[in-house]
Structures are given as C-alpha cells and as structure tokens.
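Novice: If you want our numbering, it's the position in the sequence shown, counting the first as 1, plus 1. Where is the CB? At the ideal position from N, CA and C, for every residue including glycine. Treat the numbers as computed from the prediction; the structure is a model and nothing was measured.
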Amino acid sequence: MILLIKFLTLSGLNNSPRMKVVATREALKQYLKEREGSQVGFVPTMGALHDGHLSLVRSARGENSTVVVSIFVNPTQFNDPRDLKSYPRTPEADLELLEKVGTDVVFMPEVEEMYPEPDARVFDFGKIDKVMEGATRPGHFNGVAQVVSRLFEIVEPARAYFGQKDFQQVAVVKAMVQQLGMPVQIVQCPTMREADGLAMSSRNTLLSSEHRTVAPKIYAALEAGREFADSERKAGREITPREVEKHITETINAEPLLEAIYVQLVNAATMQPARGWDEPEGIQACAAVRAGNVRLIDNIKFV
Ligand code: AMP
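(1) Just checking K175 against the ligand AMP - is the residue's beta carbon closer than 8 Å to any of the ligand's heavy atoms?
(2) Is it the case that the CB of T46 approaches a heavy atom of the ligand AMP more closely than 8 Å?
(3) Can G164 be considered in contact with the ligand AMP, in the sense that its beta carbon sits closer than 8 Å to one or more heavy atoms?
(4) Considering only residues of the same chain and omitting the five flanking positions on each side of S209, which have a CB-CB separation below 7 Å?
(5) Residues in the same chain with beta-carbon distance under 8 Å from Q273, minus the five sequence neighbours each way, listed in chain order, please.
(6) Tell me whether R276 sits in a helix, a strand or coil according to DSSP, three-state version.
(7) Leaving out five residues before and five after M20 in sequence, what residues of the same chain have Cβ atoms less than 6 Å from its Cβ?
(8) For R160, tell me which candidate among F153, G144, L57 and V185 has the shortest Cα-Cα distance.
(9) Grab me the residues of Y263's own chain with a C-beta within less than 8 Å of its C-beta, minus the 5 sequence neighbours each way, in chain order.
(10) By Cβ distance below 8 Å, which residues in the same chain neighbour R194 in space, the five residues on each side in sequence not counted?
(11) Ignoring anything shorter than 3 residues, give me the beta strand (DSSP E) runs that lie fully in the segment 104-188, in order along the chain.
(12) Among V156, V171, A196 and V106, which residue has its Cα nearest to the Cα of V188?
(13) Flag this pair as yes or no: are the beta carbons of L50 and L98 separated by less than 9 Å?
(14) Hey, could you find the ends of the beta strand (DSSP E) T46 is sitting in?
(15) Given the structure, does Q265 come close to the ligand AMP, in the sense that its CB is under 8 Å from one of the ligand's heavy atoms?
(16) Using the rule of at least 16 other Cβ atoms within 10 Å of the residue's Cβ for burial, across every protein chain shown, is T192 buried or exposed?
(17) Using the Cβ count rule (16 or more neighbours within 10 Å means buried), how would you classify K235?
(18) By how many angstroms is the C-alpha of P242 removed from the C-alpha of V44?
(19) According to DSSP, is L55 helix, strand or coil?
(20) With DSSP as the reference, label L98 as helix, strand or coil.
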C-alpha cells in the first residue's frame, strides 16, 4: 500500500489540489488539525467502491465541510480467512471515483497501522449482535466494532454514514457509539441497487455469470414476501411473520443456484424476530444467501 501511495504521488493523483491520500494516523490527524473547527463527515469502507459507497460520500459532501473516506479491509471482521483473501481490492479505481465525488481526504492504512497490537476488546451489544449476521458469522460484529471505534477515535467525525444494505451493522454501530459515549451522529443511507434490483455490493464482482444472473432473485423474493403477506391479509387470512419468512426462503431456494442462509422478519430497532405485525419500530425483512462461493445479504422495510 505504501508503494501504491508512492506511485499515486508520482502519478499526480495524490497531489490533487482537491483530494489528499494518507496512510498513517499521524498524517490524517495533522490534516484534520489544519482544518480545525470544520464539521467532519466520515464514510468508512473496505474499498472496491461502487455507487452505493459513492451515495454515502455524496450525502457526507452535502452535509459537512470536510469529507473523510477510509479504505481498509479489516481482517478482524472476517470469520473466514478465504473470504478475507478473496475480498476484491481496486485501490486505483477507488481513488479516481472518490476524487470525482468531492472527497477531501482518503485514509488507506496498512493492517499494522490500524492494529500495532492485536485488539483484545470484546464488545457486548446485548441481543442486537447475537442474531442473523452475528449468529452466522461468529466474531464479525466484534471486529466491526473494533475497527469502527478505532476509526472514530482517529477521525472524530460529527457524522458518519452507513448503508441500509448492512441493516444490522447500523444498529450495532449505533449501540457501540452509545456504549462508548462517542459524540457522533450515525446517518443511515438507502440501499443502492443495480437496474435489475440486485443490491450493489463489492462482492458482486466475485459472482460467476450464472450466479450474477440469478442474484436479483434475492430482492425479488423479499418483495414477493411482502406481496404474499398483503394478499393473504386482504383475503382475510391470518398470517404470521414466520409464514412469510418460510415463503421468502422457499422462493429463494426454488432457484437451484441460490441457498438461503437465513431469512428473518425482525423488529427494526431490536433485531429480534417480529412477533406480530404491529412492532412499534417497524419490521425489516433481512436475508443472507449463498450464491456459489459468495455470501450476499439484502433487506427491505416490510412494515
Ligand atoms: P463495505 O465497503 O462493504 O464495508 O461498505 C461500506 C459502507 O457502504 C457500509 O456502510 C455499507 O453499508 C455501505 N454500502 C454497501 N453497499 C451499499 C449499497 N448497495 N447501498 C448503500 N450503501 C451501501
């Protein structure tokens, strides 16, 4: 990465009058100190950027005087070493995109810069991080909390932007800032989708063409679940959230190239299974699906 930044410096991108690229906490802190008093909007990412990420940066640009984006593939949030190894990395393209959307500074640290020593902290967010992604990817949210808390300590943002695409992650980050007493506002931005409905994801580039063709069926199945619930209720039939989960799961699994890992209708604040249809905080339908070697997640607001 240091070599990459040297290359970018020589090629002129890092000397852009509008965007700076830094690899150390020291350099980032120095940059922010020079802009003391300005409101910082922060977008943490793992790179391989797409329009979903850029929509977060655009929101940050619209609401803050300084926009910081981090690109860091955080090893502590990967429970599967093969997943970490195969995670897509496209740093040059990322920097070009970030400059176009008006980023002020990009933080691209090495692993040793973020974790000079291993992070031994163990977080507990009660029930929020024990279900769905937390239950099927052990240690994932602990790693997310480790890296996001470290990044927040360095950047000290007024606002930080996260995508609804990772719905449970937003809840975990909100719980984390509350627990640690961090004065940062967490802003949730809508999920950006491809024209065929597939939620944009860095992992989509890893899909085979066959899996890419059927992947939009995940979103379609979530939507079909809502239509199923509506039509059953209109017909005067009582239907439970569990029956809708079953309908969505079966719709996904009807496609031989897809395999549902979980489908859950949850209270949008607590992440616990919806018990009926009048959860006061609303209901979100969430799914994780295996498409070949790639694990995809998606969710829609249900009620
Ligand atoms: P990642 O690089 O996957 O860690 O994602 C960085 C941020 O971008 C997270 O807050 C994600 O929720 C958000 N994000 C990823 N995909 C999308 C999308 N399709 N629409 C909106 N935000 C997204």
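Specialist: Result, derived from the coordinates:
(1) no
(2) yes
(3) yes
(4) G293
(5) K128, V132 and V267
(6) coil
(7) E100 and T104
(8) V185
(9) M133, A136, T137, C287, A288 and A289
(10) A200, M201 and Y220
(11) 106-108 and 160-164
(12) V171
(13) yes
(14) V41 to T46
(15) no
(16) buried
(17) exposed
(18) 34 Å
(19) helix
(20) helix
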